[in-house]
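Encoded as structure tokens, the structure appears first; notes follow it.
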């Protein structure tokens, strides 16, 4: 009996480790374009991510998962989250480079992740 439980436990642990848990999709329908077109909203999300302002529920979720997503190449992201991330990154890099630099300094101070994303950046026409 103990051998059976041990085997079942080992299989369960292996399966749990093989497939990363997904981030919640509860906020996947947030209108990203609406946010990117509104400086007040951009600044609110920025302050949330920088720990200098309050967070909305979706901002809190973003902040909670941002570093993990960067470290793991968005392995737990839904397809919609991946596409949204690309859109936001391209926008910040091109239109709000000062905010992008501050976020990068906070979440990738050693620039280790920046180097991991060179190919993805090229696909978005971002020169690193």
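Residue numbers (mature numbering (1 follows the signal peptide of the UniProt record, and there is no 0)): -18 to -1, 1 to 110. For each residue, glycine too, the CB sits at the ideal point set by N, CA and C. All of these numbers come straight from a predicted model, not from anything done at the bench.
- Excluding its 5 nearest sequence neighbours in each direction, residue 53 has C-beta neighbours in its own chain below 8 Å: 95, listed in chain order.
- Counting every other CB atom within 10 Å of its CB across the protein chains shown gives residue 49 a total below 16, marking it as exposed.
- Scanning its chain for C-beta atoms nearer than 6 Å, with the 5 sequence neighbours on each side dropped, one finds around residue 56 the residues 64, in chain order.
- The alpha carbon of residue 14 has as its nearest neighbour, out of 31, 25, 38, 70, the alpha carbon of 70.
- With distances taken between CA atoms, residue 19 lies nearest to 77 out of 81, 77, 68, 100.
- Linking residue 60 to residue 12 through their CA atoms gives a straight-line distance of about 14 Å.
- Excluding residues up to 5 positions away in sequence, 106, 108 lie with their Cβ nearer than 7 Å to the Cβ of residue 72 in the same chain.
- With contacts defined as CB atoms closer than 7 Å, residue 89 and residue 82 fail to qualify as a contacting pair.
- Excluding its 5 nearest sequence neighbours in each direction, residue 17 has C-beta neighbours in its own chain below 6 Å: 23, listed in chain order.
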